[in-house]
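Asker:
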Amino acid sequence: MEPKTKVHAEDGKQEVVITRDFDLPIELLFKAYEEPEFVAQWMGTRVLKLESKKHGGYQFETSNPKGEVAFQASGVIHEFIPNQKITRTFEMEGTPFGVQLEFYEFEPLTDGTSRLNMRVIYETVAQRDQVLRLPFAQGINMAHNRLEEVVGKEMKEVKE
Amino acid sequence: MNLRRDVFQAIADPTRRAILLLVASQGMTAGAIAANFNTARPTVSKHLQILTECELLQQEQNGREMYYSLNPDKIKEIADFIEPFRKFWDDRFNKLEDIMKKHKTK
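Taken in order, these protein sequences are the chains called W and R. For the first sequence, our numbering assigns the number 232 to the initial residue and increments by one for each residue that follows. For the second sequence, our numbering assigns the number 328 to the initial residue and increments by one for each residue that follows.
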């Protein structure tokens, strides 16, 4: 089966294109981006601000289980056409990834299905490549941490 | 902690990418690889060392000669690096779909 979410990242380019077909009518898909309560649910973040209109801005914040702020992102909205298009900037605070420009195009397929075309443009190719590798690096780090946990425990047991 | 070199750092260098392409079809000795470059032999040796440390190249002794060839498993790891990114978005979008479907039936 073909994956539902497709990612295109051409070598040496500053952009990433993500395409996904949803089993949702276009109005519902758009609502997931328009209304703070839904954004909070599917992105798993607190929505401090979301003004879904031209010249509007947004601010997200996520805390780790210890209650410390782990993720902060914000941006401004340049274009907001219901059920069609959103153009906005996005910046993850405290990271070297810079500001990215995002184009979201919403396209109805049938009465009950719709497509999202998401194009993200980064300031440099290097920044884009870093973002692409983030989940890859995290995956490897997580494996390392788990290994350390296991090995750490065994070492403790030996000591005791 | 991270002493070992990153494979992405390894392939960021054009000479090292050229070396990988050279040995893609057959194993080659350090001398044969170096003959393809204007760079000084020790520089090529350094590149070979980095690529070997990252396990992108594997060494095989054949008589007196050491042959370098591609390690296909590690190459696949690079080719698949985008997969976790895709998976990340796929998981998120699956969640979006579930949440909005529930909302519809409410």
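In this text, a Cβ means the ideal position worked out from N, Cα and C, and glycines have one as well.
Can a CB atom of chain C be found closer than 7 Å to the CB of alanine 263 of chain W?
Answerer: The chain inventory of the structure shown lacks chain C, comprising the protein chains W and R.
Asker: Looking at chain W, is there any beta carbon in it that lies within less than 7 Å of the beta carbon of proline 411 of chain R?
Answerer: Taking Cβ atoms only, chain W reaches closer than 7 Å to proline 411 of chain R, which makes this a yes.
Asker: Is it buried or exposed, valine 238 of chain W, if we count other Cβ atoms within 10 angstroms and call 16 or more buried?
Answerer: Buried: at least 16 other Cβ atoms inside 10 Å.
Asker: Using 8 Å for Cβ pairs, my map puts threonine 318 of chain W next to glycine 306 of chain W. What's the rounded Cβ distance?
Answerer: Their Cβ separation, rounded to whole angstroms, is 10 Å, which puts threonine 318 of chain W and glycine 306 of chain W out of contact at 8 Å.
Asker: So does the segment 238-248 of chain W actually touch the segment 392-406 of chain R, counting three or more Cβ pairs closer than 8 Å?
Answerer: Result no; under three Cβ-Cβ pairs closer than 8 Å.
Asker: Quick check on alanine 362 of chain R: does DSSP put it in helix, strand or coil?
Answerer: Looking at alanine 362 of chain R - three-state DSSP - the assignment turns out to be coil, as it is neither helix nor strand.
Asker: What is the DSSP secondary structure of glutamine 245 of chain W, reduced to helix, strand or coil?
Answerer: DSSP places glutamine 245 of chain W in coil when its eight states are reduced to three.
Asker: Quick one: which chain R residues come within Cβ less than 9 Å of isoleucine 257 of chain W?
Answerer: Result: empty, since nearest Cβ-Cβ is about 11 Å, beyond 9 Å.
Asker: I'd like to check one pair, glutamate 282 of chain W with glycine 275 of chain W: are the Cβ atoms closer than 7 Å?
Answerer: The answer is no: Cβ separation not under 7 Å.
Asker: Could you tell me the boundaries of the alpha helix (DSSP H) in which isoleucine 346 of chain R lies?
Answerer: 341-349 is the span of the alpha helix (DSSP H), which, as asked, contains isoleucine 346 of chain R.
Asker: What does the alpha-carbon distance come out to for the pair valine 351 of chain W and valine 248 of chain W?
Answerer: Taking the straight line joining both Cα atoms gives about 6 Å.
Asker: Buried or exposed for aspartate 360 of chain W, going by 16 or more other Cβ atoms inside 10 Å?
Answerer: With 16 or more other Cβ atoms within 10 Å, it is buried.
Asker: If you drop the 5 nearest sequence neighbours on each side, which residues of the same chain put their C-beta closer than 7 Å to that of asparagine 314 of chain W?
Answerer: Cβ within range, chain order: Ile257, Glu258, Phe261, Phe337.
Asker: Name the DSSP bridge partner or partners of cysteine 384 of chain R?
Answerer: A small correction: the amino acid at residue 384 of chain R is leucine; cysteine does not occupy that position in the sequence shown. Partner(s): R/Leu397.
Asker: Would you list the one or two residues that DSSP bridges to threonine 320 of chain W?
Answerer: DSSP, once it has assigned bridges, lists W/Leu332 as partnering threonine 320 of chain W.
Asker: May I ask you to report which of helix, strand or coil DSSP gives glutamine 392 of chain R?
Answerer: Note that residue 392 of chain R is glutamate in the sequence shown here, rather than glutamine. Of the three classes helix, strand and coil, the one that applies to glutamate 392 of chain R here is strand, per DSSP.
Asker: I think glutamate 324 of chain W touches alanine 304 of chain W, with their Cβ atoms under 8 Å apart; what is that distance to the nearest whole Å?
Answerer: Confirmed, about 7 Å.
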